[in-house]
Structure formats: C-alpha cells, structure tokens
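Novice: If you count by the working numbering, then the sequence shown holds residues 6 to 143, one letter each, in order.
Where a beta carbon is used, it is the ideal one built from N, C-alpha and C, also for glycine.
Since we're looking at a predicted model, the values are computed, not measured.
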Amino acid sequence: MKEKNFQTMFGTWIKENEQATTAFELKICKLKSLSFDSVKEHQVEALVEAKHGYLYHKISDSPIFPGHKTRFTKPKPFDCLVISESKAYVVIWYYHPRQPKEMIWIDINDWLKEVKASDRKSLTEERAKEIGKVIKFK
Numbered sequence: 006m007k008e009k010n011f012q013t014m015f016g017t018w019i020k021e022n023e024q025a026t027t028a029f030e031l032k033i034c035k036l037k038s039l040s041f042d043s044v045k046e047h048q049v050e051a052l053v054e055a056k057h058g059y060l061y062h063k064i065s066d067s068p069i070f071p072g073h074k075t076r077f078t079k080p081k082p083f084d085c086l087v088i089s090e091s092k093a094y095v096v097i098w099y100y101h102p103r104q105p106k107e108m109i110w111i112d113i114n115d116w117l118k119e120v121k122a123s124d125r126k127s128l129t130e131e132r133a134k135e136i137g138k139v140i141k142f143k
C-alpha cells in the first residue's frame, strides 16, 4: 500500500461525502508512529496560508511530448486556484493490513501545537486519535 493508493481512496471518499473547500496533506504510516518531519515545512506553510491567509497555487502543466498525441496525465482542470480562510488538515492513515480503514484528520493548528509541545519526534496513532477526528472509509 502506498500514499498514491490512499490518495485514490481519499478522492473517492471526498466526492461521495461532498467536503467543502479544504486543504489536505495526506500521509500513510505503516509504522507505530509518523515522524513529524514527514510533513515538510513548505506543506505546513501552505496549509497555514490556506487556513489563515491567502494561498495561490498554479497547477503545473501536464507533460506532453512533441509528436505524440498521448498525454501521460489527466488534463488539468484549470490554470490556478486560490484557497483563503479555509479548513486545513494533515490526514493520516495508520495502515493495518486487513483491518478496517480509518483516517485521522488533524487540524493544522493542532498539528503545530503537537509538534511544538511533544517530547517525541513522531506522532503515535493513539495520540493522533486524541487530537484529531477519526473517520472510517472504504
């Protein structure tokens, strides 16, 4: 299981559950805890901007090879987007084979508080469930 699989399942879940404009950073964890630095500084900054300020993002152009009609990625929906004063989460799936799937949504503010206050360098599943919201998915 890889993060891209989680991304696919998450996308399906979001469409079925009609989530309003929200910024997400998805992480899959196959260990007992997720390292705090697995959420990179630029990702944290973008989530904070989306929640408390104004995030502008240009969507990269799809790779097209000269002389070929084949595109290797889905055409982009538009050129850019803005997210302002929106919800923003780090979403973690602590992967357990053949177990019900649960994702834990942690608000970016709570993530930052935990990083700052924790004596650890990582976040256990148990602690994530204490500070986040558990959502079951297929």
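1) Would a C-beta distance cut-off of 8 angstroms place residue 58 and residue 89 closer than the cut-off?
2) Taking the straight line between their C-alpha atoms, what separation do you get for residue 1 and residue 84?
3) Which runs of the beta strand (DSSP E) at least 3 residues long sit entirely within the stretch 22–83? Give them in chain order.
4) At the level of alpha carbons, what is the spacing between residue 86 and residue 65?
5) Does residue 32 pass the burial test, meaning 16 or more other C-beta atoms within 10 Å, or should it be called exposed?
6) Label residue 139 either buried or exposed according to how many other C-beta atoms from any shown protein chain fall within 10 Å of its C-beta, with 16 as the threshold for buried.
7) Excluding sequence positions up to five away, which residues of its chain have a Cβ less than 7 angstroms from the Cβ of residue 41?
8) If residue 93 sits next to residue 122, beta carbons under 8 angstroms apart, how far is it from one beta carbon to the other, in whole angstroms?
Specialist: Inspection of the coordinates gives the following:
1) Taking the sequence shown and counting its residues from 1, one reaches residue 58 at position 53. Taking the sequence shown and counting its residues from 1, one reaches residue 89 at position 84. Going by C-beta atoms, residue 58 is nearer than 8 angstroms to residue 89.
2) The chain is shown from 6 up to 143; residue 1 falls before or after that span and cannot be answered.
3) The stretch 22–83 is shown to contain whole beta strand (DSSP E) runs of 3 or more residues at 27–34, 38–40, 59–63, in chain order.
4) Numbered from its first residue, the sequence shown carries residue 86 at position 81. Numbered from its first residue, the sequence shown carries residue 65 at position 60. So the alpha carbons of these two residues sit roughly 12 angstroms apart.
5) As a position in the sequence shown, residue 32 is number 27, starting the count at 1. The residue is buried, with at least 16 neighbouring Cβ atoms inside 10 Å.
6) On the sequence shown, residue 139 is found 134 positions in, with the first residue counted as 1. Exposed, by the Cβ-count rule.
7) Residue 41 sits at position 36 when you count from the first residue of the sequence shown. If we look at residue 41 and ignore the five residues flanking it on each side, its Cβ neighbours are 120, 126, 127, 128.
8) In the sequence shown, counting from the first residue as 1, residue 93 sits at position 88. In the sequence shown, counting from the first residue as 1, residue 122 sits at position 117. At roughly 19 angstroms, the Cβ-Cβ gap does not stay under 8 angstroms, so residue 93 and residue 122 are not in contact.
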